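As they're listed, the protein sequences go chains A and B.
Taking our numbering, the leading residue of the first sequence gets 1, the next gets one more, and so forth.
Taking our numbering, the leading residue of the second sequence gets 125, the next gets one more, and so forth.
For every residue, glycine included, the Cβ atom is placed at its ideal position computed from N, Cα and C.
Since the structure is predicted, the reported quantities are computational estimates derived from the model, not experimental observations.
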Amino acid sequence: MTLIVRSESPIPARTTVWLEGRLDAETFGDLDAALRDITPLVDNGGTLVMDLSGLEYISSAGLRSLAQLRKQMHDRDGRTLLLNPQPQVKKVFDIVKAVPIAEVFASVAELDQYLDHMQRQITG
Amino acid sequence: MRLCIPNRLEDVFLALDRAELTLDRAAVDNACRADVRLVLEELLVNTVRHGYPDGREGKIDIHLEIRADIVRLELRDDAEAFDPLLHDPPDLPGDIADREIGGLGLHLARSIASDFEYARDAHGNRVVIRFDPSLSDEPSS
């Protein structure tokens with residue numbers, strides 16, 4: 001099993017990337033390559049949602065790719081939000097305290113609620 | 125399962141798939157299977173990348189033993205001496221993007237294994253790792 005990366009940008013301010021399979025020392029290069037095409041499509045200050053529902057496994061090599069992505073988005077005033085990590089991925093995040101808990105969401109509903117709230121803060 | 129692989133990344137991943145198949149056939153649960161795969165990946169990738177700085181060919185022996193109450197993994201290699209237990213865990217709090225992330229793999233491996241031993245003898249490095257399948261649902265640190 002390898003890694004499958006899909007993405008969708010309904011609006012320039014928000015792009016969703018779906019990961020399926022394993023993100024490890026064998027496949028992280030595929031993600032890095034895909035993200036090189038995807039991240040320029042996100043507006044400065046935009047949001048990149050990584051949907052991890054289909055990601056079964058991550059190792060330190062995968063964490064490194066996600067960390068670089070976060071940093072890249074952060075440098076452009078954007079943010080990276082992680083959606084629905086599965087048990088192995090969640091366990092690895094917990095051990096290395098890889099991401100602030102505030103940026104991990106268990107469901108699309110929870111994520112939408114957060115983004116609505118952020119939007120209201122900007123426009124309100 | 126006993127395997128002897130050359131020190132190449134592509135062989136590491138073939139070995140990981142073999143190990144996972146072996147665990148699957150023995151009906152080891154998903155969480156423990158993923159734990160073994162992760163520890164194997166982190167240690168083998170580390171050995172292949174850093175254990176042979178002169179570029180010579182090497183070999184790594186992998187022995188995976190599955191019993192009802194314990195999964196035991198033994199790795200032997202002819203790489204440079206390297207004790208994974210001697211390295212300090214990385215400084216973890218804070219944002220992963222803002223800090224050095226070397227050492228993360230070893231930290232993960234040590235956190236997940238129930239028990240971790242290292243020895244060096246005339247043949248090279250030897251690591252023995254034990255996993256308790258009943259503990260796999262919770263991180264050990």
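{"Item": "Chain-ordered neighbours of His231(B) on chain A, where CB pairs are closer than 9 Å", "Value": "Ser60, Ile95 and Val96"}
{"Item": "At least 3 beta-carbon pairs within less than 8 Å: the stretch 76-90 of chain A vs the stretch 48-60 of chain A", "Value": "yes"}
{"Item": "Cβ pair His247(B), Asp207(B) closer than 9 Å", "Value": "no"}
{"Item": "Local Cβ density within 10 Å of Pro217(B), reported as buried at 16 or more and exposed below that", "Value": "With a pLDDT of 48 at Pro217(B), under the threshold of 50, the predicted position of this residue should be treated as unreliable, though the coordinate-derived value follows. By the neighbour-count rule (16 or more Cβ atoms within 10 Å), Pro217(B) is not buried but exposed."}
{"Item": "Buried or exposed by the 16-neighbour rule on C-beta atoms within 10 Å, applied to Ala233(B)", "Value": "buried"}
{"Item": "Spatially closest choice to Arg114(B) from Ile236(B), Ser258(B), Ser238(B) and Glu204(B), by CA coordinates", "Value": "Since the displayed chain B opens at 125 and closes at 265, residue 114(B) lies outside it and no answer follows."}
{"Item": "Listed by chain order, chain A residues near Ala155(B) by CB distance under 9 Å", "Value": "Pro87, Gln88 and Lys91"}
{"Item": "Thr27(A) versus Val195(B): straight-line alpha-carbon distance, rounded", "Value": "27 Å"}
{"Item": "Outcome for Asn131(B) when other beta-carbon atoms lying within 10 angstroms are tallied against a minimum of 16", "Value": "buried"}
{"Item": "Whole-number beta carbon distance between Arg64(A) and Met73(A), since they are thought to touch under 8 Å", "Value": "Not a contact, Cβ separation roughly 15 Å."}
{"Item": "In chain order, each alpha helix (DSSP H) run of at least 4 residues that lies wholly inside the stretch 46-78 of chain A", "Value": "60-75"}
{"Item": "Pro10(A) versus Asp116(A): straight-line alpha-carbon distance, rounded", "Value": "16 Å"}
{"Item": "Every unbroken alpha helix (DSSP H) inside the stretch 148-192 of chain B [4 residues or more]", "Value": "154-174"}
{"Item": "Contiguous alpha helix (DSSP H) assignments of at least 4 residues, all confined to the stretch 84-119 of chain A", "Value": "87-96"}
{"Item": "Test item: CB-CB of Leu3(A) and Glu20(A) under 9 Å", "Value": "yes"}
{"Item": "Rounded C-alpha distance that separates Ile186(B) from Thr171(B)", "Value": "13 Å"}
{"Item": "Beta-carbon contacts of Asp43(A) that lie in its chain and below 6 Å, excluding the five residues immediately before and after", "Value": "Pro12 and Ala13"}
{"Item": "According to DSSP, residues forming a beta bridge with Glu243(B)", "Value": "One detail in the question is off: residue 243(B) reads as Ala in this sequence, not Glu. Beta-bridge pairing links Ala243(B) to Arg250(B)."}
{"Item": "C-alpha gap between Asp178(B) and Ala151(B), whole angstroms", "Value": "41 Å"}
{"Item": "C-beta atoms of Arg126(B) and Leu210(B) nearer than 9 Å", "Value": "no"}
{"Item": "CB contact below 9 Å: Glu56(A) versus chain B", "Value": "yes"}
{"Item": "Residue closest to Ala25(A), alpha-carbon to alpha-carbon, out of Cys128(B), Leu138(B) and Asp193(B)", "Value": "Leu138(B)"}
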